[in-house]
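What follows is a single structure, written as structure tokens, with notes after it.
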Amino acid sequence: MKTNVLLIASIMTVFGVMTIPGEISAESNQITVIPINEKISLEKTITTMNIPQNNQIPWGTVRGEASEVAERYPIIIQFYKGEDPVHFAQVDAKGDGSYEYKFRVRNIDSNTGEIVNVFEGDYTVKIYKVIPNSNNTV
């Protein structure tokens with residue numbers, strides 16, 4: 298029984314990595330830049346994410362396009378359901394300034410073998426990124 302559950306979980310994981318969820322949606326709402334000092338600023342992006350109740354994909358992804366980021370500063374990703382914090386993550390930017398964070402949307406309960414929706418409904422996602430200042434007078 299346990300071997301069958303692990304086999305199904307492995308197949309679902311491979312399937313989830315190979316597919317792009319079409320039903321999970323996110324929209325960029327607001328970008329704010331807050332100066333930290335004369336060299337760097339904090340860029341805060343607030344995005345909404347919706348995961349439908351009938352979602353079949355086990356993985357979700359938060360991605361950022363190539364951009365200028367300050368070296369040695371991680372990107373912080375925070376998920377909120379309403380005002381309640383749900384999940385926090387930290388990722389490093391790639392050489393071109395892009396980033397990607399994969400997270401479980403669905404899981405299998407190892408005790409019962411039942412599928413559990415880890416994320417479902419509407420979420421606010423806050424992404425914090427340290428960027429170099431483009432204006433030296435800040």
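For the sequence shown, the numbering used here begins at 298 and goes up steadily by one. Just so you know, even glycine gets a beta-carbon here, dropped at the ideal spot from N, CA and C.
Thr421 versus Thr409 - alpha carbon distance: Each residue's alpha carbon lies about 31 Å from the other.
Roughly how far, in whole angstroms, is the beta-carbon of Glu362 from the beta-carbon of Ser407, given that I think they are within contact range, below 8 Å? Not a contact, Cβ separation roughly 37 Å.
Between the C-alpha atoms of Gln350 and Arg401, what's the straight-line distance to the nearest angstrom? 15 Å
Beta-carbon separation (whole angstroms), Ile424 vs Thr344, contact threshold 8 Å: 7 Å
Could you check how far apart the C-beta atoms of Tyr398 and Ala386 are, in whole angstroms? I think they sit under 8 Å. 5 Å
Can you give the beta carbon distance from Asn414 to Lys336, rounded, assuming they're within the 8 Å contact cut? Actually they do not touch by this definition, with Cβ atoms about 43 Å apart.
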